[in-house]
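K.L.:
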Amino acid sequence: MTVQGPMNNDLLHKPPLTPGRVFRLSLLMAFVLLLVGAASLLVGTADVSFQKFMALASGSLAADDPARLIILKIRLPRIILAGLAGFSLALGGVVFQALLRNPLADPFILGVSSGSAFGAIIGILLGFTFSVGIPLMSFAGALLTIYLVLALGTRRMGMESSTILLTGVILNAFFTAVIMFFISIVVDSRLHSMLFWLYGDLSQSRYTSLMILAPSLIVASVILFSFAKELNLITTGEEIALQLGVDVEKAKKTCLVLVSLVIGVVVSFSGLIGFVGLIVPHLARMAFGSDHRLLIPVASLGGAVFLITADTLARLLISPSELPVGVITAFMGAPFFLYLLRVRGSQWSRS
Amino acid sequence: MEPILTLRKVGFRYSASWAVRGVDLEVFPGEMLGILGPNGSGKTTLLKIMDGMLLPHEGDVLVGGKSIGSLKRGDIAKVVAMVAQENFFRFAFSVLEVVLMGRFPHLRRLQFERDKDLEIAVNALKATHTLELSERSIHELSGGEKQRVLIARALAQEPGVVLLDEPTSFLDLKYKKEIFDLIATLTREKRLGVVIVSHDIDLMSQYCHRLLMLKNGSVHQSGTPDEVIRTESIQEVYGCAVVVDYNPLTGKPRVSLKP
């Protein structure tokens with residue numbers, strides 16, 4: 181009864197997604213990331229020649245050469261922070277979009293980023309340090325926000341997309357106002373470190389902060405990846421996922437806590453950088469499909485590539501002065517958001 | 037013959053009043069069972085009790101001899117598959133990806149679909165005549181095609197029982213027949229126990245071996261279509277005047293409204 185074409189016969193031999201395919205495409209993205217990172221090391225306000233760069237890489241550069249300081253102490257930590265932040269924000273976008281079944285969800289739009297920044301600022305006012313206390317407060321701020329978004333945005337309405345987004349937008353506005361309030365009333369040297377949260381700044385990167393960021397990010401992303409199949413099913417509806425055997429409560433809680441951790445920690449070092457979690461997952465979905473076992477690694481690595489590129493532009497565009505990277509991502513992200521809302525709005529607004 | 041699913045004096049209430057009460061039911065392999073009743077009579081609630089989405093406040097549901105409340109979702113999904121009424125795919129998955137989702141309860145954490153899982157999914161696509169759609173996006177399908185794909189996903193779970201909630205409510209006459217024909221064939225050939233909730237009394241009469249008619253959450257009538265679909269019982273349960281006669285081709289009872 182069924183006619184089988186040659187294409188269908190191929191299907192009989194290989195599942196559409198294999199560990200090999202995930203590995204190969206992730207490796208490809210990692211290679212692109214390495215190239216972009218290396219290119220970004222070479223450009224900047226100060227001139228560092230390619231020869232100096234190669235000499236440094238091969239270990240033959242003189243210890244007191246200024247190029248060594250510029251590359252290792254200024255550019256490299258900044259690029260690594262940009263990579264880790266982009267990775268986290270895109271990962272956060274992918275997971276939020278799956279859990280809320282809403283392609284417009286992103287840590288920034290949902291207010292989770294500004295909630296983290298709010299937590300971090302409370303941490304600074306309480307005199308905590310960046311090594312543990314402030315990232316923890318930032319994590320708590322992220323958790324509080326996502327709890328509020330879910331509690332306020334889903335009451336009676338189910339998981340209606342626009343209600344959730346509106347709740348997030350309002351919380352974002354509120355937390356931003358609170359942050360500005362604190363900046364206005366606190367008159368001391370701590371003020372300066374608060375300002376950067378509002379627009380995202382990667383220039384303050386230190387290797388010590390990367391040592392906190394990287395391990396928590398690695399642990400969280402591995403666990404999140406292990407929930408990829410559950411996320412696939414949750415995007416088709418929580419009840420359907422339950423019927424197909426997913427422990428939805430456990431998956432949701434674990435993923436929300438881990439994403440809050442990742443976003444909280446990253447925001448405490450990078451400030452508010454918007455739209456990475458919106459743009460990158462969308463492009464990744466267009467290129468690689470909706471399966472989270474592939475989407476999580478490629479979108480996260482893609483987020484790193486994206487934010488390193490954006491931050492390099494931020495360093496170069498008005499050199500020798502520089503722009504906050506959040507300005508660059510918002511310039512690209514806001515029109516992109518409006519485009520998605522207009523083109524896909526009707527299709528996505530159904531709950 | 038052992039029943040796959042057993043309901044014993046099952047009762048469920050959302051608030052003070054019982055939505056379903058005192059329902060006894062056994063589902064056997066190779067049997068198509070229809071649940072009829074007016075809106076709000078507890079049909080969907082009963083279906084949700086049968087797949088453990090709602091745990092009964094009274095009585096018990098047994099799956100393979102075990103109480104459904106003691107089983108994990110993954111274990112239930114290996115025995116009971118549900119084709120829900122509403123299915124909305126927010127993100128674009130291919131038809132094959134959707135059907136492979138049915139393999140979830142059979143896979144371990146971090147395990148990808150094996151060749152065996154692919155084979156089961158392809159067989160489910162063949163059985164529902166959707167193999168040629170396998171690379172299409174679920175968003176591109178017509179209502180009838182999508183419904184067949186969702187039945188294929190249920191088959192990929194390799195369940196003993198398939199529950200269908202209004203499987204033809206959005207479909208036209210031709211697709212309705214197509215879906216019911218398909219379900220009847222699968223019931224027979226795969227020895228599935230099938231439970232269908234539908235408002236379409238005539239279709240249910242044609243296809244189902246046994247019917248259960250609910251009124252206010254309790255079983256008003258149960259038995260063969262001949263026993264259940266009678267003028268008095270339909271009038272009593274649905275509260276409107278009808279004539280029941282017999283389809284000249286199949287001899288099954290059918291219902292017409294009195295003008």
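Chains as they are written, first to last, in the working numbering: chain B, 181 to 531; chain G, 37 to 295. For every residue, glycine included, the Cβ atom is placed at its ideal position computed from N, Cα and C.
1. Taking three-plus beta-carbon pairs below 8 Å as touching, is the region 261–281 of chain G in contact with the region 81–100 of chain G?
2. Whose C-alpha, out of D217/G, A220/G and V231/G, is nearest the C-alpha of V197/G?
3. Please list the terminal residues of the continuous alpha helix (DSSP H) segment that includes P284/G.
4. Can you tell which of A120/G, L61/G and N75/G has its C-alpha closest to the C-alpha of E419/B?
5. According to DSSP, what are the bridge partners of M249/G?
6. If you draw a straight line from the alpha carbon of S401/B to that of M249/G, how long is it in whole angstroms?
7. Any C-beta of chain G within less than 9 Å: which residues of the region 399–426 of chain B qualify?
8. With DSSP collapsed to three states, give me the class of E62/G.
9. What separation, rounded to the nearest whole angstrom, lies between the Cα atoms of P461/B and V274/B?
10. Any C-beta of chain A within less than 9 Å: which residues of the region 496–512 of chain B qualify?
11. Using a Cβ-Cβ cut-off of 7 Å, state whether P477/B counts as contacting chain G.
12. CA-CA distance, F354/B and R248/B?
13. Cβ of L436/B versus every heavy atom of the ligand FMN: is any distance shorter than 6 Å?
14. Is the CB of L154/G under 7 Å away from at least one CB in chain B?
15. Closer than 8 Å is the cut-off here; do at least three beta carbon pairs connect the region 463–475 of chain B with the region 424–436 of chain B?
16. Going along the chain, which residues of its own chain have a beta-carbon closer than 8 Å to the beta-carbon of C244/G, five neighbours each way excluded?
17. For L293/G, I'd like the list of residues in its chain whose CB is within less than 7 Å of its CB, leaving aside the five on either flank, ordered along the chain.
18. Name the residues in the region 277–290 of chain B whose C-beta lies less than 9 Å from a C-beta of chain G; which are they?
19. Pull up the distance between the alpha-carbon of D187/G and that of F148/G, whole angstroms please.
20. Going by DSSP in three states, P195/B sits in which element: helix, strand or coil?
21. Taking C-alpha atoms, which residue in K288/G, E94/G and L107/G lies nearest to D87/G?
22. Is the CB-CB distance between R258/B and S385/B below 7 Å?
23. Considering only their Cβ atoms, is the gap separating F455/B from T509/B smaller than 7 Å?
24. Quick check: the region 216–235 of chain B against the region 439–451 of chain B, are there 3 or more CB pairs under 8 Å?
25. Measuring only the C-alpha atoms, how far is V307/G from G483/B?
26. Candidates A242/B, L458/B and R281/B: which alpha carbon is nearest L520/B's?
27. Which residues, taken in chain order from the region 197–215 of chain B, show a beta carbon closer than 7 Å to some beta carbon of chain G?
28. If you count every other CB in all the chains shown that lies within 10 Å of the CB of R57/G, and 16 or more means buried, which is it?
29. Quick check: A297/B and I350/B, are their CB atoms within less than 7 Å of each other?
30. For the region 207–227 of chain G against the region 250–270 of chain G, are there 3 or more C-beta pairs whose distance is under 8 Å?
31. Smallest Cα separation from V507/B: which of I453/B, L323/B and L264/B?
P.N.:
With the structure as the only source:
1. The region 261–281 of chain G is not in contact with the region 81–100 of chain G.
2. Closest in alpha carbon position to V197/G, among D217/G, A220/G and V231/G, is V231/G.
3. In the DSSP assignment, P284/G falls outside any alpha helix (DSSP H), carrying neither H nor E.
4. With distances taken between Cα atoms, E419/B lies closest to A120/G.
5. Answer by DSSP bridge pairing, in chain order: L72/G and Q257/G.
6. Computed Cα separation, rounded: 51 Å.
7. Going along the region 399–426 of chain B in chain order, one finds F405, S406, F407, A408, K409, E410, N412, L413, T415, T416, G417, E419, I420, A421, L422, Q423, L424, G425 and V426 with a Cβ nearer than 9 Å to chain G.
8. If DSSP states are grouped into helix, strand and coil, E62/G belongs with the strands.
9. Roughly 6 Å between the two C-alpha positions.
10. You won't find chain A in this structure, because its protein chains are B and G.
11. Taking Cβ atoms only, chain G never reaches closer than 7 Å to P477/B, which makes this a no.
12. Roughly 44 Å between the two C-alpha positions.
13. Here there are no bound small molecules, and the ligand FMN is not part of this structure.
14. Closer than 7 Å to the CB of L154/G there is at least one CB belonging to chain B.
15. Fewer than three beta-carbon pairs drawn from the region 463–475 of chain B and the region 424–436 of chain B are found closer than 8 Å, and the two stretches are therefore not classed as touching.
16. Closer than 8 Å at the Cβ level, and outside the excluded window around C244/G, lie M68, L69, G70, I232 and P261.
17. Taken in chain order, the residues that qualify are C276 and V278.
18. So the close ones are Q277, A278, R281, N282 and P283.
19. It should be noted that the sequence gives Ile, not Asp, for residue 187/G. Distance from the CA of I187/G to the CA of F148/G, rounded to the nearest whole angstrom, comes to 22 Å.
20. P195/B falls in the coil class under three-state DSSP.
21. Cα-wise, what sits closest to D87/G is L107/G.
22. Taking 7 Å as the Cβ cut-off, R258/B and S385/B qualify as a contacting pair.
23. With a cutoff of 7 Å on beta-carbon distance, T509/B and F455/B are scored as near each other.
24. When C-beta atoms of the region 216–235 of chain B are compared with those of the region 439–451 of chain B, fewer than three pairs fall below 8 Å, so the two segments do not count as touching.
25. Outside the shown range of chain G, which is 37 to 295, sits residue 307/G, and nothing can be said about it.
26. It is L458/B.
27. Taking a C-beta cut-off of 7 Å against chain G, the contacting residues of the region 197–215 of chain B are L197, T198 and P199, listed in chain order.
28. Buried, by the Cβ-count rule.
29. No, these two residues do not count as a Cβ contact at 7 Å.
30. With the rule of 3 Cβ pairs closer than 8 Å, the region 207–227 of chain G does not count as touching the region 250–270 of chain G.
31. Answer by Cα proximity: I453/B.
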